[in-house]
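Protein chains in written order, with my numbering: chain A, 1 to 273; chain B, 1 to 319.
Accompanying notes for the structure given below.
Right, dumping it as structure tokens:
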């Protein structure tokens with residue numbers, strides 16, 4: 001800003017943002033205070049003692065380590081799947097001519113409005129008939145299948161600005177469509193594929209409804225955490241640790257890759273002006 | 001943009017003729033020339049998309065015409081599920097709750113995000129860390145958001161709000177916030193809006209930063225104060241960002257599930273059930289699959305209604 005802005009602006013912004021994250025501070029403070037103190041309220045100052053007790057005990061009390069591993073697997077495989085399959089489809093839609101191209105494209109990219117609730121009932125009956133309940137495929141297939149609705153759009157958008165000359169040059173040099181994809185387009189669109197990967201990882205890591213319905217024994221963190229937070233035990237210190245464990249990875253990824261996240265989530269919502 | 005891509009394909013065909021390396025293709029041949037390669041590249045995407053989206057979508061419509069309870073034999077029910085929904089007081093309440101929830105969370109989060117974005121645009125550099133802090137709330141898992149606010153609303157004196165009320169001598173207003181069906185829905189709305197504000201903040205702040213420096217300089221040279229520049233230049237020019245933010249928030253709050261599941265579980269007395277939660281309860285705790293499917297179609301209709309402009313725009317720019 002060129003004009004001199006009022007001096008209170010930064011103070012107001014700081015004050016507001018600190019109030020904003022008080023609920024989060026509460027969780028962090030609760031996780032490092034003795035259980036007896038947390039029950040009185042995490043803000044109490046009459047007896048200050050910090051302990052990592054909850055951080056040590058929580059692994060024996062809840063299956064968080066297993067959950068962490070399961071979540072990492074599910075989110076990781078789904079992310080790799082989307083990152084591998086999306087670019088080929090986006091390339092075909094952008095650079096190749098084939099029957100039903102426009103129809104297929106319109107159906108796929110508009111499916112981004114579908115809530116997960118619309119697909120879970122038939123999938124539940126289908127997985128039950130196929131014996132896939134509690135199989136990781138029951139979660140991975142909707143994770144990856146649903147992602148195409150926004151990932152194809154995002155990568156295709158990127159390819160619209162891709163230099164056509166490169167594709168044409170490859171064709172003149174005798175490359176077929178598939179060789180052109182692997183040799184020319186794919187190596188030069190990694191940034192958009194990476195943005196897709198970050199979004200997909202966050203969505204899958206945080207997903208609750210789909211694994212809640214389809215998984216039984218190997219549960220990812222959000223499902224485990226939802227069960228933990230529904231307990232009436234006053235083990236708030238342990239619950240706070242579980243909350244931090246559940247959300248730490250996506251929160252870090254989110255903060256580190258803010259830029260990619262912002263670009264990606266805008267493109268997926270159809271706002272490219 | 002895409003027209004350019006198309007025309008380049010046209011000239012593409014011509015250039016290959018000039019090269020003489022390829023035989024002439026009739027229009028039909030050219031149309032399907034890439035087809036085998038294209039379908040090969042698309043195959044995995046189409047199969048998974050069909051499994052995860054097309055089949056379930058069609059099946060949801062079909063299921064909504066059947067009466068299915070648990071593992072019992074399905075009976076064809078015609079429009080019976082929809083008639084039953086219309087007569088179900090719980091569903092009517094879910095519709096009202098959905099309306100209140102969707103509109104309120106969008107108004108609050110976009111309103112707050114807009115206000116904070118405009119405030120921060122007055123001092124971009126000094127407000128970087130506050131912006132990131134507010135944005136961070138948006139990066140917290142939705143399930144964890146529910147839990148974080150559970151601690152704030154707790155009914156006895158150990159909840160943060162009640163503790164503040166007691167400490168400031170307003171103890172008479174202390175309340176079991178989540179235990180009262182009048183206040184529980186607002187608790188859920190505030191928790192969800194708190195988390196969602198980060199996105200409008202980001203989108204609208206980006207729009208304010210995209211306002212041309214020249215415009216602002218010209219206004220400054222003409223003697224406009226910072227507040228006037230804000231009021232007459234930056235605020236109006238941030239409107240495209242606001243529109244995008246409203247759409248994203250509407251879509252997000254219609255499908256919201258996680259925060260409600262953890263914070264209130266739909267209660268008390270089903271007062272915080274949106275349609276997206278109602279279908280879960282009917283289909284997966286009462287096992288009325290057909291009834292739940294009919295409810296999700298109502299949800300889908302609402303989603304499509306708010307998405308019409310986005311769908312038209314996407315379809316138009318897509319060739």
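We treat Cβ as the ideally placed atom computed from N, Cα and C, and that holds for glycine.
Based on the DSSP secondary-structure assignment, which residues constitute the bridge partners of residue 336(B)?
Residue 336(B) lies beyond the range of chain B shown here (1 to 319); nothing can be said about it.
Listed by chain order, chain B residues near residue 65(A) by CB distance under 7 angstroms:
Against the first chain, residue 65(A) aligns to sequence position 65. Result: empty, since nearest Cβ-Cβ is about 18 angstroms, beyond 7 angstroms.
Does residue 142(A) have its Cβ less than 8 angstroms from a Cβ in chain B?
The residue given as residue 142(A) occupies position 142 in the first chain. By this cut-off, residue 142(A) is an interface position.
C-beta contact flag for residue 133(B) and residue 21(A) at 8 angstroms:
One-based indexing of the second chain puts residue 133(B) at position 133. One-based indexing of the first chain puts residue 21(A) at position 21. Yes, Cβ-Cβ distance for residue 133(B) and residue 21(A) is below 8 angstroms.
Suppose you measure from the CA of residue 66(A) to the CA of residue 204(A); what does that come to, to the nearest Å?
Residue numbering aside, residue 66(A) sits at position 66 when the first chain is read from its first letter. Residue numbering aside, residue 204(A) sits at position 204 when the first chain is read from its first letter. C-alpha of residue 66(A) to C-alpha of residue 204(A): approximately 17 angstroms in a straight line.
Enumerate in chain order the residues of its own chain whose CB-to-CB distance from residue 278(A) is below 7 angstroms, with the five nearest sequence positions on each side excluded.
Past the boundaries of the shown model lies residue 278(A); chain A is included only from 1 to 273, so the question cannot be answered.
Taking the alpha helix (DSSP H) that residue 281(A) belongs to, which residues open and close that run?
Any property of residue 281(A) remains undetermined from this structure, which presents chain A solely from 1 to 273.
Where the segment 56-83 of chain A meets chain B: residues whose CB sits under 9 angstroms from a CB there:
Taken in chain order, the members of the segment 56-83 of chain A whose beta-carbon sits within less than 9 angstroms of a beta-carbon on chain B are 81.
Between which residues of its own chain and residue 30(A) is the CB-CB distance below 7 angstroms, once the five residues before and five after are set aside?
As a first step, residue 30(A) is located in the first chain; it is residue number 30 there, counting from the start. Leaving aside the five residues that flank residue 30(A) on each side, the residues in its chain whose CB is nearer than 7 angstroms to its CB run, in chain order, 38, 42, 236, 237 and 240.
Cross-chain neighbours of residue 127(A) in chain B, by beta carbon under 7 angstroms
Position 127 of the first chain, counted from the first residue, corresponds to residue 127(A). By Cβ distance, chain B contributes nothing, its closest Cβ being about 11 angstroms from residue 127(A), past 7 angstroms.
Tell me whether the beta-carbon of residue 289(B) lies closer than 8 angstroms to the beta-carbon of residue 68(B).
To locate residue 289(B), count along the second chain from 1; it is residue 289. To locate residue 68(B), count along the second chain from 1; it is residue 68. Going by C-beta atoms, residue 289(B) is nearer than 8 angstroms to residue 68(B).
Three or more C-beta pairs below 8 angstroms linking the segment 257-269 of chain B and the segment 92-103 of chain A:
No: fewer than three Cβ pairs fall under 8 angstroms.
For residue 123(A), which residues from the same chain have a beta carbon less than 7 angstroms from its beta carbon, with the 5 sequence-adjacent residues on both sides left out?
Position 123 of the first chain holds residue 123(A). Excluding five sequence positions before and after residue 123(A), the CB atoms of its chain that fall closer than 7 angstroms to its own CB belong to 142, given in chain order.
Within chain B, partners of residue 189(A) - CB distance below 9 angstroms:
What you label residue 189(A) is simply residue 189 of the first chain in a count that begins at 1. Residues of chain B passing the Cβ test: none, with the nearest at roughly 14 angstroms.
Considering only their Cβ atoms, is the gap separating residue 61(B) from residue 297(B) smaller than 8 angstroms?
If you number the second chain from 1, residue 297(B) lands on position 297. If you number the second chain from 1, residue 61(B) lands on position 61. Yes.
When Cβ atoms are compared, which residues of the segment 252-267 of chain B fall closer than 8 angstroms to chain A?
So the list reads 254, 255, 257, 258, 261, 262 and 265, given in the order they occur along the chain.
For a cutoff of 8 angstroms on Cβ pairs, would you count residue 14(A) as touching chain B?
Indexing the first chain from 1 puts residue 14(A) at position 14. At a cut-off of 8 angstroms, the C-beta of residue 14(A) has a neighbouring C-beta in chain B.
Selection from 40(A), 245(A) and 91(A) that minimises the alpha carbon distance to residue 152(A)
Here residue 152(A) refers to the residue found at position 152 of the first chain. Looking at the Cα atoms, 91(A) is the closest of the given residues.
Looking only at its chain, what residues have a beta carbon closer than 7 angstroms to the beta carbon of residue 250(A), apart from the 5 residues adjacent to it on each side?
Translated into the one-based positions of the first chain, residue 250(A) becomes position 250. Once the five neighbours on either side are set aside, the close Cβ partners of residue 250(A) are 202, 205 and 206.
For the putative contact between residue 187(B) and residue 177(B), defined by C-beta atoms under 8 angstroms, what is the C-beta separation to the nearest angstrom?
Working through the second chain from its first residue, we reach residue 187(B) at position 187. Working through the second chain from its first residue, we reach residue 177(B) at position 177. That belief holds up - the Cβ atoms of residue 187(B) and residue 177(B) are roughly 5 angstroms apart, short of 8 angstroms.
What separation, rounded to the nearest whole angstrom, lies between the Cα atoms of residue 184(B) and residue 159(B)?
Residue mapping note: residue 184(B) aligns to position 184 of the second chain, counting from 1. Residue mapping note: residue 159(B) aligns to position 159 of the second chain, counting from 1. Looking at the two C-alpha atoms, the distance is approximately 14 angstroms.
Which same chain residues, not among the five before or five after residue 81(A), have their C-beta less than 6 angstroms away from its C-beta?
Mapped onto the first chain, residue 81(A) falls at position 81. For residue 81(A), where only same-chain residues beyond five positions count, the Cβ hits under 6 angstroms are 144.
Under a CB-based cut-off of 8 angstroms, is residue 98(A) close to chain B?
Indexing the first chain from 1 puts residue 98(A) at position 98. Closer than 8 angstroms to some Cβ of chain B, the Cβ of residue 98(A) qualifies, so yes.
Assuming residue 204(B) and residue 241(B) are in contact, meaning their beta carbons sit under 8 angstroms apart, how far apart are those beta carbons, in whole angstroms?
Counted from its first residue, the second chain places residue 204(B) at position 204. Counted from its first residue, the second chain places residue 241(B) at position 241. That belief holds up - the Cβ atoms of residue 204(B) and residue 241(B) are roughly 4 angstroms apart, short of 8 angstroms.
Could you tell me the distance, in whole angstroms, from the CA atom of residue 175(B) to the CA atom of residue 182(B)?
Sequence index remark: in the second chain, residue 175(B) carries index 175 (1-based). Sequence index remark: in the second chain, residue 182(B) carries index 182 (1-based). Our two residues, residue 175(B) and residue 182(B), have alpha carbons roughly 11 angstroms apart in a direct line.
Thinking C-alpha only, which one of 149(A), 137(A), 131(A) and 192(A) is nearest residue 161(A)?
The residue you call residue 161(A) lines up with position 161 of the first chain. Checking every option, the nearest Cα to that of residue 161(A) belongs to 192(A).
Which value, in whole angstroms, describes the spacing of the CA atoms of residue 268(B) and residue 226(A)?
Taking the first residue of the second chain as position 1, residue 268(B) is located at position 268. Taking the first residue of the first chain as position 1, residue 226(A) is located at position 226. A direct Cα-Cα distance of roughly 18 angstroms separates residue 268(B) from residue 226(A).
Any beta-carbon of chain B closer than 8 angstroms to the one on residue 170(A)?
In the first chain, the residue the question calls residue 170(A) occupies position 170. With 8 angstroms as the cut-off, residue 170(A) does not count as an interface residue toward chain B.
Comparing C-alpha positions only, which one of 179(B), 200(B), 264(B) and 249(B) sits nearest to residue 306(B)?
The sequence position of residue 306(B) within the second chain is 306, counting from 1. Among 179(B), 200(B), 264(B) and 249(B), the Cα nearest to that of residue 306(B) is on 249(B).
Between the segment 212-228 of chain A and the segment 130-138 of chain A, are three or more C-beta pairs nearer than 8 angstroms?
The segment 212-228 of chain A, when compared against the segment 130-138 of chain A, does touch it at the 8 angstroms Cβ threshold.
Contacts around residue 88(A), its chain only, beta-carbon distance under 7 angstroms, and the 5 residues preceding and following it disregarded
Your numbering for residue 88(A) matches position 88 in the first chain. Counting only Cβ-Cβ distances below 7 angstroms, and skipping sequence neighbours, we find 181.
Residue 119(A) and residue 56(B) look like a contact to me (Cβ under 8 angstroms); what is the Cβ gap, rounded to whole Å?
For the purposes of this step, residue 119(A) is identified with residue 119 of the first chain, where counting begins at 1. For the purposes of this step, residue 56(B) is identified with residue 56 of the second chain, where counting begins at 1. Between residue 56(B) and residue 119(A) the Cβ distance is about 4 angstroms, and since that is below 8 angstroms, they are a contact.
Quick check on residue 8(A): buried or exposed, where buried means 16 or more other Cβ atoms within 10 Å of its Cβ?
Mapped onto the first chain, residue 8(A) falls at position 8. Looking at its Cβ environment, which holds fewer than 16 other Cβ atoms inside 10 Å, residue 8(A) is exposed.
Once you ignore the five residues that flank residue 97(B) on each side, which residues in its own chain have a CB closer than 8 angstroms to its CB?
Along the second chain, one-based indexing puts residue 97(B) at 97. Within the same chain, residue 97(B) has close Cβ partners 185, 271, 272, 273 and 274.
How about residue 52(A) and residue 28(A): are their beta carbons less than 8 angstroms apart?
Position 52 of the first chain holds residue 52(A). Position 28 of the first chain holds residue 28(A). No, these two residues do not count as a Cβ contact at 8 angstroms.
If you draw a straight line from the alpha carbon of residue 112(A) to that of residue 197(A), how long is it in whole angstroms?
Along the first chain, one-based indexing puts residue 112(A) at 112. Along the first chain, one-based indexing puts residue 197(A) at 197. The straight-line gap from Cα to Cα measures roughly 16 angstroms.
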